[in-house]
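**Student:** 9 is the number of the first residue of the sequence shown in my numbering; add one for each residue after it.
Attaching a single structure in structure tokens format; questions to follow.
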Amino acid sequence: MPQRNREQRQPVLSPSMCRVFLSGWLIVSASLAMACELLAAEGEFSSKSINFSKDVLPILSDNCFHCHGPDSQSRQAELRLDQPNPALDQILRESAPGQSVFWERVSTTDPDLIMPPPETKHRLTAAQLLLLQRWLQAGAPWGKHWAFEPIIKPAVPESDRAENPIDAFVIAQLHQVGKELSPQADSARLLRRLALDLTGLPPSLELRQKYLKSSNQPLDAGAVVDELLASPHYGERMAWEWLEAARYADTNGYQGDAERTMWPWRDWVVEAFNQNLSFADFTRAQLAGDLLSQATDRQKLATAFLRNHMINGEGGRIAAENRIDYVMDMTETTGTVWLGLTMNCCRCHDHKFDPIRQQDYYQLSGFFNNTPVDGSGGNPQTPPVLEWPSEEQKEHRNRLLKERQEIAEKVLAWEDEFVPLKHLAPAEGPALSTQPVSAIEVFDDANGVATSPWHQDDGLPAEVRAIRQKPPQDRKASELTQLINFWNQWQGQSPQSLLMLKSRIDELDALQRSIPQVMVMQERAGEPRKNFILSKGLYNQPQAEVPTDVPLFLKSKKASERFRDQNVSPVLTRRELSEWLLHDENPLVARVVVNRIWQQFFGIGLVKTSEDFGIQGEKPSHPELLDWLAADFREHGWDIKRLVKQMVTSRTYCQTTLVPREAYVDDPENRLLARGPRYRWPAWMLRDQALAVSGLLVPKTGGPPVKPYQPEGLWEEATFGAKRYQADQGDSLYRRSLYTFWRRIIAPPMFFDTANRQTCIVRTSRTNTPLQALALWNDPVYLEAARVLATRFFVNDRKLHDDERLRRLFEHILVREPTPQELELLRTSIMSWRDRLVQSPEQVNDLLAVGASPASLAGEDSASRAEAALWTVVTMILFNLDETVSKE
């Protein structure tokens, strides 16, 4: 049988047919894979009801809103999926759920039809598709994002093990996953946790003796909390996060970074927390204190919150552009702090995910657009300003004013006698004559006309006469200098009273320059400024004019009518804005505030993205608990101390952190709240802790910022040598971290993981790097604190055995007693370091020389010095234990 020529054989399928076949095969395979995934997901969601806000909206936001969301500039096909509209109804509901255009496009495997398109790198998972399918089958019910829904107080779950409502909500959610709360932390650890959380300082000896008498009784957390909330240090601790949100600093920022005097506002914040000013009044004062009825100076001072923004004084900068930048900063800060919304992108366009229009942004900015600030210059006391003298300065000024008045009367008597105004004709001679005269003669001629022996060339200068006509107490120092020079030239000397008046006015001027001038808010006189949408946020490209108003999507009729009724002017002001924020129908403010306070004590908010409650933000881990806390907070007068006590006396907060390792693996961020909060304390608190346990801490509150230790050359390098850092001396080295001078362009280097204070930050990062360990081991404040603690309490008592010293030192720092294993490890360290230091006198000298406080040693012999250095090292070891630097 003849063989066929293979080259002449025809293919069964042509190349084009192969491509079609392959494409079809891939689609079928993908469809089968998708079907398998859907079947796997079906079991997971079979008994789950679909919640639009929780389940559907996040899918649409993440995958669809970029092209079909609120931003009209990036919207494709004129289709919006972020709000109900006829086009959306058509693709969702005008056919059977399984045959709708929407479902066809999201479930197809055809790369030319599938949504979202492959080039976006987004792909819906099987679980997400199943959720969408069940939502469509239910009729595609619409709803709002959860944070934009009204706050309705949910019922507290029933629980026989929860006295605190917080625990009832947490226990109910734990039971859903088969878990329970952990036991309460031991009393020593819990006391230390509470003291550091509520005051930023370790518990005092008095608190330890009072509440740790018996190891058999659980800690009376309620009584401890009451004492800590009454401490003046509570306000200092609570102020830190608020200062970060308010972008507080002691300089302007930018290249010049000129020094400003905003610290009286910082002290106002501390006092407001200590006095338990309600959050409602806290809000009114800081947003509109100057507009309140019969506003006090303290209420006006509170508005410095808004003026904490950076000021640009760089050469060539355009004033109008600066002013717009400042208005935008105030707008965005208010949006973040009170509303928990990311508004920055709305400078240029509608928000891509949240229902915030560009018009809403510029309407909101109108509340801050009517101040006298014009943006010119880089004055760190740009008007409007409020003088804020201390009591000593007030007394000093009053004394000088009284003396000035008394001396001015003597000057006036002398001038009336020797240079009576009624007899002097206005001369127009030279500024100062160089011809001396022995006396001044003034008389009337036969016709009663005032005459003088002075000729025009040597007559009384016009500017001197003008000064003479002012009351002496109102004359400037430069004017008095001119008079003194004149009388010295014409008479050879000036009256003593004139010299004394000049001295008092010089002293008054110097005093005035030393009085803090705090930048505050004030409405400008005359016609209110108009508000315009700015193209791409550019100051010189105004577009449509818009009124001052709140965002449309948050605007309830009832709230709007209330604050408009209270406004006598046709233009809304910051006062009406503050009332709108606090209105019961505002869905965001109470949620945002209680979430941030929860974050402060638990390390992470119920909503992790505390800066973003919008659609792209994280959903709350315990939504019912968040709403209950928000509603309860409002119902009880926005009482911050009550809210704080409610949180830190809950079983949820008081749980131990000593749980099996598996618990940390299963829930590393503790979102279920099945154990106590555990994370590293902030750097500022670690510094204050070291100062406090060493006895170096100076507990003085308030006042101008201080300059503690800092490595040389940092300011010089950052400012090209324009600013030089000079550390303070004495008590100022040991003040609390809150009072440290904060330069914006180079923050205090001892504070890691803190906000940069250039813009509003409400959630700082928490990192863990070798540099932080190096800082804790080598910063002079820790070495000095370790040396002082070691020598003051232990080295000078030679009768103590090493074990007893260790126990006392350990308990002094960590509040609890060490375990036998911990003692053994420390004994080993002591033996190793003792041998090393005896052989290293240079290292001993270096350790004992750190810090400005004098060394207090048992003796100056080498053995005593080596022993002091040894216990300094042991103290540093304890300062750097994981338990010391972490919330336990």
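C-beta: ideal position from N, C-alpha, C; glycine also.
Keep in mind it's a predicted model, so treat the numbers as computed, not measured.
1. Could you compute how far the alpha carbon of L833 sits from the alpha carbon of M839?
2. Are the Cβ atoms of E619 and T341 separated by less than 8 angstroms?
3. Between which two residues does the beta strand (DSSP E) carrying I541 extend?
4. Between the Cα of L589 and those of P628, E725, V706 and L372, spot the shortest distance and give me the residue it belongs to.
5. To the nearest angstrom, how far is the alpha carbon of L634 from that of L614?
6. Three-state secondary structure (DSSP) at E593?
7. By the DSSP assignment, the beta strand (DSSP E) with E553 in it spans what residues?
8. Would you call L546 buried or exposed, if buried means 16 or more other Cβ atoms sit within 10 Å of its Cβ?
9. Rounded to the nearest angstrom, how far is the Cβ of S702 from that of V796, given a contact under 8 angstroms?
10. Measure the alpha-carbon distance for A798 versus Y242 and round it to whole angstroms.
11. Using a threshold of 8 angstroms, state whether the C-beta atoms of I950 and A485 are closer than that.
12. For the segment 231-246 against the segment 259-274, are there 3 or more C-beta pairs whose distance is under 8 angstroms?
13. Apart from the five residues just before and just after T664, which ones in its own chain have a Cβ nearer than 6 angstroms to its Cβ?
14. How about the segment 785-795 and the segment 879-895: do they share at least three Cβ pairs that are nearer than 8 angstroms?
15. Ends of the alpha helix (DSSP H) at Q697?
16. Is Q192 helix, strand or coil by DSSP?
17. Please classify T304 as buried or exposed, where buried requires at least 16 neighbouring CB atoms within 10 angstroms.
18. Tell me the DSSP secondary structure of L121 in three-state form.
19. Between the Cα of T339 and those of A857, E553 and N378, spot the shortest distance and give me the residue it belongs to.
20. Please go through the same chain and pick out, in chain order, the residues whose beta-carbon is closer than 6 angstroms to the beta-carbon of P397, but skip the five residues on each side of it.
21. Give the straight-line distance between the Cα atoms of A899 and P94, rounded to the nearest whole angstrom.
22. Who are V393's beta bridge partners in DSSP?
23. What does the Cβ neighbour count give for K402, buried or exposed, with the cut at 16 atoms within 10 Å?
24. Helix, strand or coil for V789? Go by DSSP, reduced to three states.
25. Based on Cα-Cα distance, which residue from I492, V770 and Q780 lies nearest to P757?
26. Excluding five sequence neighbours on each side, which residues of the same chain lie with their C-beta closer than 7 angstroms to the C-beta of L121?
27. Tell me which same chain residues have a C-beta within less than 7 angstroms of the C-beta of V528, skipping the five on either side of it?
28. Within 7 angstroms: the Cβ of R582 and any heavy atom of the ligand FMN?
29. With DSSP collapsed to three states, give me the class of T259.
30. Would you check if the distance between the CB atom of Q551 and the CB atom of L542 is smaller than 8 angstroms?
31. Residues bridged to V714 by DSSP?
32. What residue ranges within the segment 345-395 form continuous beta strand (DSSP E) runs of no fewer than 3 residues, ordered along the chain?
33. I believe L209 touches D696 by the beta-carbon criterion, under 8 angstroms. Please report the beta-carbon distance rounded to the nearest angstrom.
34. Enumerate in chain order the residues of its own chain whose CB-to-CB distance from R824 is below 6 angstroms, with the five nearest sequence positions on each side excluded.
35. Since S894 sits in a beta bridge, which residues does DSSP pair it with?
36. Excluding the five sequence neighbours on either side, which residues of its own chain have a C-beta within less than 6 angstroms of the C-beta of E553, listed in chain order?
**Tutor:** Walking through what the data contain:
1. L833 and M839 have their C-alpha atoms spaced approximately 10 angstroms apart.
2. no
3. N539 to L542
4. L372
5. 7 angstroms
6. coil
7. For E553, the enclosing beta strand (DSSP E) stretches over residues P550 to V554.
8. exposed
9. Yes, they are in contact, since the Cβ atoms of S702 and V796 sit about 5 angstroms apart, within 8 angstroms.
10. Rounded to the nearest whole angstrom, the C-alpha separation of A798 and Y242 is 28 angstroms.
11. Summary: the structure shown does not reach residue 950, with the chain confined to residues 9 through 896, and so no result is reported for it.
12. no
13. S190, P191, A193 and G684
14. yes
15. Segment A691 to S702, the alpha helix (DSSP H) holding Q697.
16. Shown here, Q192 sits in a strand according to DSSP, grouped into three states.
17. exposed
18. coil
19. That would be N378, whose Cα lies nearest to the Cα of T339.
20. I523
21. One cannot answer for residue 899 here, as it falls past the ends of the chain, which runs 9 to 896.
22. M527
23. exposed
24. helix
25. Here the closest residue by C-alpha is Q780.
26. R113
27. These residues qualify, in order along the chain: D298, K308, L309, T311, A312, R315, P392, V393 and L394.
28. Here there are no bound small molecules, and the ligand FMN is not part of this structure.
29. strand
30. yes
31. T748
32. 393-395
33. 6 angstroms
34. Hits under 6 angstroms: A196.
35. R688
36. K538 and F540
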